[in-house]
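Working notes, beginning with the structure itself.
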Amino acid sequence: MKVDYIGKISEENLPAIFVPYFLESVHAGFPSPASDYIESPIDLNKHLIKNGAATFLVRAQGQSMAGSGITDQAVLIVDRSIKPSHNSIVVATLDGEFVCKRLKLKPKMCLMPDNPDYPPIFINNGQELEIVGTVTAAINKF
Amino acid sequence: MTVALVDCESFYASCERIFRPDLKNKPIVVLSNNDGCVIAFSKEAKKMGISMGVPWFKVKKPFLKQKGQVFSSNFAFYGDMSARVMNILEGFVPKTEVYSIDEAFLDFDTLKQNYDLYDFSCHIRSLIKQWTGIPVRIGIAPNKTLSKIAISEIKRRNIPTSVLYLSNDKEIKNALKNTPVHKIWGVGRRLNEHLTSAGINTALDLTKISPQHIRTKFSIVLERTVRELRGEKCLTIENNIESKKQIIVSRSFGERVSNFETLRPIVSNFAVRAAEKLRSEKQKCSQVSVFVKTSPFNKAKPQHAEIKTIKLFTPTNDTRNILIAAKKGLLSIFRLGYDYAKAGIILNKFSNEKTKQYSLFQDPDEPKENMKFMNYIDQINTQETQIYFASQNTKTWSPMKQNMTSPRYTTNWHELPKVN
């Protein structure tokens with residue numbers, strides 16, 4: 448916007464019509480050259496969470512998934528609405544406890560840690576495995 | 022008109038189970054504020070004979086002996102889980118009415134053409150279970166009152182799908198026959214006595230009486246209920262929740278209180294909390310009631326329960342005015358020589374904050390009103406530092422005695438569920 452200097456005005460002899468004009472041009476100032484390009488700032492929630500009602504945060508304990516980038520105390524984002532498939536990282540309940548492992552459906556179904564120090568967990572007869580949800584991201588703080 | 026009622030199964034107990042897989046199929050009870058009575062229980066606990074509202078101390082021993090799990094109420098967590106369930110419902114059905122923390126009415130009219138309502142409900146049910154871990158029941162019927170009946174039929178008949186569609190007269194009649202009048206939505210204990218003494222025992226009996234007769238003999242509210250039981254639609258699905266008509270802040274004490282010096286600060290705490298709630302609703306009240314109560318379970322001690330209502334000339338939501346009224350009320354009902362177990366504050370006769378009513382006569386002690394000041398205090402009190410009023414009990418802000426609360430799994434970074 449171009450602003451013209453219209454001269455000095457004193458309050459006494461200010462013509463009524465000048466008021467809005469004066470107010471408007473000063474108020475607007477110079478428009479930001481970026482105004483046409485304004486985007487909402489980056490939102491981590493939007494980036495990490497697709498389905499809020501079905502998403503829970505949990506805290507990882509231990510190093511059994513270190514190979515997948517999940518270190519001790521990482522915050523995991525678990526989406527219960529995403530159906531896990533072969534190789535998905537999942538949170539499951541096994542014998543009344545929560546575990547986070549990689550789900551392998553073949554050759555034999557098991558929960559696979561991502562750390563050579565930990566053995567895979569095969570599901571025995573009589574054991575109950577329930578997949579709670581799929582881990583979609585891990586937040587490690589340094 | 023077709024309405025569905027979604028009802029979360031033993032909601033608080035189901036919440037407690039979500040992050041405790043070890044509690045699958047275990048009996049669970051959840052206690053009221055201050056751990057006084059049982060306010061929710063799982064079906065396993067029900068089988069052990071636990072009932073709604075039973076004082077915890079009466080069932081504690083056998084319950085714990087049978088490896089039952091007990092929780093103090095964790096409303097931060099339940100509130101979040103409730104919002105998730107309601108959110109999912111709103112995503113599927115354009116018109117929903119959140120009726121309580123664990124119930125919502127859905128308007129199924131618009132869905133009728135495109136979906137099989139029964140299959141659709143089964144789908145919603147399994148989705149909510151998968152996404153949140155909360156099991157729900159869904160009752161479908163021609164109106165709200167009948168959808169409530171459908172839910173109690175699911176419970177009574179133990180329907181495995183947890184979904185019931187009362188779609189024709191025969192099914193509705195059958196359900197009504199099996200519904201005792203006290204199970205009808207809106208029929209309280211007193212009304213139940215009236216009806217049964219008149220020989221009206223089931224919902225079906227009630228439908229046989231003409232609504233006009235009900236209106237003259239009982240009330241217009243019951244008439245509406247009868248019309249709905251007969252299949253008419255009287256109540257609509259309300260998108261906007263009406264603002265509250267009263268605010269109650271009340272609690273049982275951890276320890277009995279028998280002197281005024283101890284009781285007053287506690288009652289002041291209730292008054293302060295109630296005034297905060299009132300302001301958050303953008304309302305003013307013109308009536309403040311105070312009540313005190315001894316424990317009905319301690320029969321050896323003298324009993325006293327009384328309520329005093331203070332009317333205000335000018336509606337207010339200024340904490341200071343409500344505190345003055347609370348003190349006045351408490352002074353008039355407090356008696357020495359009693360061990361009080363419970364007290365509370367009730368605010369009612371609301372009016373909108375913005376409309377100012379002037380009383381016809383000048384209020385002799387026109388109260389100081391300073392909304393700006395109160396808003397500042399409210400803002401400060403949302404942070405960690407707290408501003409107290411002189412008559413408050415600052416040491417124990419609430420006399421709550423809660424020690425079995427589960428973590429705030431979904432609302433606090435430090436209390437997230439742990440996985441190995």
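Chains A and B are the protein sequences, given in the same order.
Everything in the first sequence is counted per the numbering used here, starting at 448 for the first residue and increasing by one.
Everything in the second sequence is counted per the numbering used here, starting at 22 for the first residue and increasing by one.
Ideal placement from N, C-alpha and C gives every residue a C-beta, glycine not left out.
- Around the C-beta of N587 of chain A, fewer than 16 other C-beta atoms lie within 10 Å, and the residue is accordingly described as exposed.
- Within the segment 56-101 of chain B, the complete beta strand (DSSP E) segments of 3 residues or longer fall at 59-62, 90-93, listed in chain order.
- Using a Cβ-Cβ cut-off of 8 Å, E486 of chain A does not count as an interface residue toward chain B, since no Cβ of chain B sits closer than that to its own.
- The three-state secondary structure of R277 of chain B, taken from DSSP, is strand.
- Taking CB atoms only, P115 of chain B has no neighbour in chain A less than 8 Å away.
- At a beta-carbon threshold of 9 Å, the residues of chain B lying near S528 of chain A are L148, Q151, W152, ordered along the chain.
- Counting only residues of its own chain and dropping the five nearest sequence neighbours on each side, V157 of chain B has a CB closer than 6 Å to the CB of V27, C29, R146, I149.
- DSSP places V313 of chain B inside the beta strand (DSSP E), whose first and last residues are 304-315.
- Around the Cβ of G160 of chain B, a 10 Å sphere holds 16 or more other Cβ atoms; the residue is buried.
- Of the other Cβ atoms in all chains shown, fewer than 16 fall within 10 Å of the Cβ of W434 of chain B; this residue is therefore exposed.
- Bridge pairing for E124 of chain B: B:D28, B:S121 [DSSP].
- Separation of K176 of chain B and V184 of chain B (C-alpha to C-alpha, rounded to the nearest whole angstrom) is 10 Å.
- Annotation: the continuous beta strand (DSSP E) that includes I159 of chain B extends over 157-162.
- In this structure E282 of chain B is exposed. Its beta-carbon is surrounded by fewer than 16 other beta-carbon atoms within 10 angstroms.
- For a Cβ distance threshold of 8 Å, residue set L437, P438, K439, V440 of chain B lies close to V505 of chain A, ordered along the chain.
- Interface annotation for the segment 533-566 of chain A against chain B: V538, T540, G543, E544, F545, V546, C547, criterion Cβ-Cβ distance under 7 Å.
- Counting along the chain, F394 of chain B sits inside the alpha helix (DSSP H) bounded by residues 392-402.
- When C-beta distances to chain A are compared with 9 Å, the residues of the segment 28-51 of chain B below that value are I39, F40, R41, P42, D43, L44, K45, in chain order.
- Any Cβ of chain A closer than 8 Å to the Cβ of I145 of chain B would place that residue at the interface, and such an atom is absent.
- Beta-bridge pairing by DSSP links G365 of chain B to B:S271, B:F312.
- Cβ neighbours of T117 of chain B within its own chain (closer than 6 Å, five residues either side excluded): L110, E111, A125, L127.
- In the structure shown, G112 of chain B adopts helical secondary structure according to DSSP, grouped into three states.
- Under DSSP, D526 of chain A shares a beta bridge with A:T502, A:T581.
- Under the rule that a run must span 4 or more residues, the alpha helix (DSSP H) segments found entirely inside the segment 154-224 of chain B read 165-178, 190-198, 210-218.
- DSSP places P232 of chain B in the uninterrupted alpha helix (DSSP H) bounded by 232-238.
- Ranked by Cα distance from P554 of chain A, the options A:F545, A:F569, A:V546, A:P563 are led by A:F569.
- Boundaries of the beta strand (DSSP E) around A326 of chain B: 326-337.
- Under the 8 Å criterion on CB atoms, N95 of chain B is classed as non-interfacial with respect to chain A.
- The continuous alpha helix (DSSP H) containing I343 of chain B extends over residues 340-354.
- Per DSSP, T257 of chain B lies in no alpha helix (DSSP H) and is assigned neither H nor E.
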